[in-house]
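Peer 1: Pasting a structure here, questions to come.
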Amino acid sequence: MRVCVYGAASPTIDPEYMELVEQMGREMVRRGHSLVFGGGGNGLMGAAARGVRAEGGYIFGVIPKFFDEENVEAICDFCDELIMPDTMRERKQIMEDNADAFIVVPGGIGTFEEFFEILTLKQLCRHNKPIAVYNLKGYYDDLNHVMELSMKKNFIRENCKELYFTTDDLNEMFDYIENPAEQIHTVKELKDG
Ligand code: AMP
122 MRVCVYGAAS
132 PTIDPEYMEL
142 VEQMGREMVR
152 RGHSLVFGGG
162 GNGLMGAAAR
172 GVRAEGGYIF
182 GVIPKFFDEE
192 NVEAICDFCD
202 ELIMPDTMRE
212 RKQIMEDNAD
222 AFIVVPGGIG
232 TFEEFFEILT
242 LKQLCRHNKP
252 IAVYNLKGYY
262 DDLNHVMELS
272 MKKNFIRENC
282 KELYFTTDDL
292 NEMFDYIENP
302 AEQIHTVKEL
312 KDG
């Protein structure tokens, strides 16, 4: 599978996250997957790419041109293929179009945005690809609480829980994306409005 990983650009996070995401990259390749990602050289994007490279896996990066021109973020310099579109929107579209599954590792605003965009598109039945949240060191516990609160208060339908899977177990996560439960809901069942 082509697995898109969304994750932090920041190099100043706890190095334990880096180690765990590098391991995840290695496991991806052992399970026969390739990497699609935002092309960053630092943070957890860089860690995922290093893990994939260590096992000889294929790396497809997508990073807007202005990241290079304006020195926004470090760019991974060992991608097998690197596409440089003009805009952030094009970047996400290319990543989405070229992925069969999505893994969200810890990150900041950019990662949240990417997670929620791919989740809303699944809620609207614009795709039916597995989405896994890799909840390393409990990083996404509070996000899960916010989602539960929103469900309890009827802002989100309960069955939207089935749109993604959260775990801190590497094997469980890959098992999920490789064998996702079939989504049988229609958009009207997933969304009030
Ligand atoms: P962060 O989680 O904030 O460290 O960002 C992770 C990646 O998402 C970085 O490469 C950001 O540049 C990127 N990013 C931030 N905002 C957006 C956006 N609106 N669309 C696409 N990617 C974004």
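The sequence shown begins at 122 in our numbering and counts up by one. The beta-carbon is built from N, C-alpha and C at its ideal position, and this holds for glycine as well. A quick note: this is a predicted structure, and the numbers were derived from the prediction, not measured.
Which word fits Ala-175, buried or exposed, when buried means at least 16 other C-beta atoms lie within 10 angstroms of its C-beta?
Peer 2: Exposed, since its Cβ has fewer than 16 Cβ neighbours within 10 Å.
Peer 1: Are at least three pairs of beta-carbons, each pair with one atom in the region 249–261 and one in the region 222–230, less than 8 Å apart?
Peer 2: Yes: the two stretches touch, three or more of their Cβ pairs being nearer than 8 Å.
Peer 1: Should Met-139 be counted as a contact of ligand 1 given a C-beta to heavy atom distance under 7 Å?
Peer 2: The answer is no for Met-139.
Peer 1: Looking at the strands, I want to know which residues DSSP matches up with Ala-222.
Peer 2: Val-124, per the DSSP bridge assignment.
Peer 1: Say the cut is 7 Å; is the CB of Arg-212 nearer than that to a heavy atom of ligand 1?
Peer 2: Arg-212: yes, Cβ under 7 Å from ligand 1.
Peer 1: With hydrogens ignored, establish whether the beta-carbon of Glu-310 is closer than 7 Å to any heavy atom of ligand 1.
Peer 2: It does not: the Cβ of Glu-310 is nowhere closer than 7 Å to a heavy atom of ligand 1.
Peer 1: Which residue wins for smallest C-alpha separation from Gly-161, given the options Glu-140, Asp-198, Leu-141, Val-142?
Peer 2: Nearest option by C-alpha distance: Asp-198.
Peer 1: Ala-302: buried (16+ other C-beta within 10 angstroms of its C-beta) or exposed?
Peer 2: Its Cβ having fewer than 16 others within 10 Å, Ala-302 is exposed.
Peer 1: Per DSSP, which one or two residues make a beta bridge with Phe-188?
Peer 2: Phe-188 pairs with nothing; no bridge assigned.
Peer 1: Can you check DSSP and say which residues form a bridge with Glu-202?
Peer 2: Answer is Phe-181.
Peer 1: Relative to the alpha-carbon of Phe-286, which residue among Ala-169, Arg-210, Asn-300 has its alpha-carbon at the smallest distance?
Peer 2: Per the Cα distances, Asn-300.
Peer 1: Could you say which of Asn-249, Ile-196, Glu-202, Tyr-255 lies nearest to Thr-288 if we only look at CA atoms?
Peer 2: For Thr-288, the nearest C-alpha among the options comes from Tyr-255.
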